[in-house]
Amino acid sequence: MTTLRTPTLVIDNIGILVTNDPTLGEGPLGIVRDASVVIENGNPGTGAHASVSPTVIAVGPSGAVADEHIDAAGACVLPGFVDSHTHLVFAGDRAEEFTARMAGQPYDGGGIRVTTDATRRSSTGELDRLVRRRLAEAHRAGTTTIEIKSGYGLNIADEARSLQVAEQFTTETTFLGAHLLPAEYEGRSDEYIDLVCGEMLDASKAHAKWVDAFCEVGAFDEDECRAVLDAGREAGLGLRLHGNQLGMGPGVQLAVECGCASVDHCTHLSNADIEALAGSDTVATLLPAADFSTKQPYIDARRLIDAGATVAIASNCNPGSSYTTSMSFCIAIAVREMNMTIDEAIQAVTIGGAAALRRSDIGRLTPGSAGHVVILDAPSYHHLAYRPGVPLIRETIGPLGGF
Ligand code: NIG
């Protein structure tokens, strides 16, 4: 009788393996040298909706044996990046807005309406094609888990449609009907928030895991965002919030008060905001590429880390404030401009992102965790900051592939 057995893959001859498990190796990154990782169902490029999910079954010294074999040839291996903040469902192009900004125009989020017009006009097939392309780009750059928000539909049908597109690719989908007041509701913010909390949420909730709102001058105020978060919670969704992007504001305090999994941007933080984050389990998600593309000042992440807050870094890929899928680029900025050590930045794009999604199965390479792996074309993860702009991802193993 033949016994059916799931196929295994070994990545062998790893120079530096980042496990993110201090019980397995050196320091907070749990580094193991001259290592191997064995993964079950570890076919490279497994699609997000494949019936099997790759799982780490062993971490140990070089020389392990499995059905398939990848020779890392002394390179560094990391957990796949967890990108916990993106807006991938959009059509259109805002390169002109970016160019104007580089010439001195400030960013105020108003361009969201430009993308909303283009997204509403797009067919579902076209949106699907655009998201697949962006996911393939993200996967090549090392991302194996991605959160995708709606927020460029801003009416019942187009918000639900954006989430239906997103849910084909990830379970981490976020309803962001409260991204900006659409033009047809100008002067009627109250009515729009009622719509978001009512019919729009009803149409979207089956396709979303999270609810989010943009708490900022020019977008939605504290009470409006609280109403959206309360309605989302009532509908069974997890909570996240955009806050403190363009100036000081109530976003961080509101996120902590409501028990959000994450408050994203955190570019302008008071000492009280930092204390609130440090005393909570709300993750501070930093978006360095957005600050780069909008010419915002960079937050000193040391203030957060030294206070004890949990920090994540995400790409915020969107057509307005941050048109990149590159987590390596974000690492380089965080290290150069935000006062993070390279080790802290690596944690922030892996277990930090996982914490922002309240996940413990990803962002680490430890027996039982997801077998989502990045093999670098470099001897150490330091090269991700040391060699900015250079494509150092040799191979990405795990979901998001195959599109
Ligand atoms: O996270 N801040 C709000 N939303 C996006 C930007 C959207 C846009 O400009 O299109 C962000 O930066």
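If you read the sequence shown in this note's numbering, its first letter stands for residue 251, the second for the next number, and so on. All C-beta atoms in this analysis are idealised placements derived from N, C-alpha and C, irrespective of residue type, glycine included.
Cβ atoms of G359 and E472 stay farther apart than 8 Å, at about 17 Å.
The straight-line gap separating the alpha-carbon atoms of N263 and F331 is approximately 21 Å. Here the stretch 377 to 389 does not lie against the stretch 592 to 612, with fewer than 3 beta-carbon pairs under 8 Å apart. Runs of alpha helix (DSSP H) with 4 or more residues, each lying fully within the stretch 323 to 353, are found at 345 to 352, listed in chain order. A check of alpha carbon separations from A453 across A485, E441, P432, D480 identifies A485 as the nearest.
The closest heavy atom of ligand 1 lies less than 8 Å from the beta carbon of Y357. As for any beta strand (DSSP E) of minimum length 3 sitting wholly inside the stretch 398 to 442, the runs are 423 to 428, ordered along the chain. Shown here, C447 sits in a helix according to DSSP, grouped into three states.
Contact annotation, D550 with M588: C-beta distance approximately 7 Å; criterion of less than 8 Å satisfied. With a threshold of 8 Å, the Cβ atom of I396 does not count as near ligand 1, since no heavy atom of the ligand is closer than that. A distance below 6 Å between beta-carbons, with the five flanking residues on each side excluded, links T305 to the following residues of its chain, in chain order: E290, G621. As summarised for the stretch 556 to 623, the continuous beta strand (DSSP E) elements at least 3 residues long and confined to that stretch are 561 to 563, given in chain order. As DSSP reads the structure, R283 sits in a beta bridge with I266. In the DSSP assignment, S530 falls outside any alpha helix (DSSP H), carrying neither H nor E.
Judged by the Cβ position, H429 qualifies as a neighbour of ligand 1 at the 8 Å threshold, a heavy atom of the ligand being closer than this. Three or more beta-carbon pairs separated by less than 8 Å link the stretch 317 to 333 to the stretch 264 to 276, which places the two stretches in contact.
Rounded to whole angstroms, the gap between the alpha carbons of L615 and V623 is 8 Å.
Inter-segment contact for the stretch 336 to 344 and the stretch 632 to 642 is absent: fewer than three beta-carbon pairs are separated by less than 8 Å. Under the DSSP assignment, E376 falls in the alpha helix (DSSP H) whose first and last residues are 374 to 390.
Cβ neighbours of I398 within its own chain (closer than 8 Å, five residues either side excluded): T336, H337, L338, V339, V381, A416, F419, T420, E422, T423, T424. Taking C-beta atoms as the reference points, C516 and V502 count as a pair closer than 9 Å. A straight-line Cα-Cα distance of about 20 Å links L413 and A606.
Set against 8 Å, the gap from the CB of N568 to the closest heavy atom of ligand 1 is smaller. Where V364 is concerned, there is no enclosing beta strand (DSSP E), although the alpha helix (DSSP H) around it starts and stops at 362 to 371. Excluding five sequence positions before and after T256, the CB atoms of its chain that fall closer than 6 Å to its own CB belong to E290, N291, given in chain order. By the beta-carbon neighbour count (other beta carbons within 10 angstroms, threshold 16), S373 is exposed. Nearest neighbour of R411 by Cα position, chosen from T591, L451, R344, turns out to be L451. Closer than 8 Å to some heavy atom of ligand 1: that does not describe the Cβ of E422. Between the C-alpha atoms of I406 and I320 there is a straight-line separation of about 47 Å.
Around G277, the same chain offers D593 as residues with beta carbons nearer than 8 Å, after the five sequence neighbours per side are excluded.
Per DSSP, the beta bridge partners of F470 are C465.
For G361, the Cβ falls inside the 8 Å cut-off from some heavy atom of ligand 1.
Per the C-alpha coordinates, the member of E436, Y402, E434 positioned closest to G427 is Y402. Ranked by Cα distance from F470, the options Y442, D480, A458 are led by Y442.
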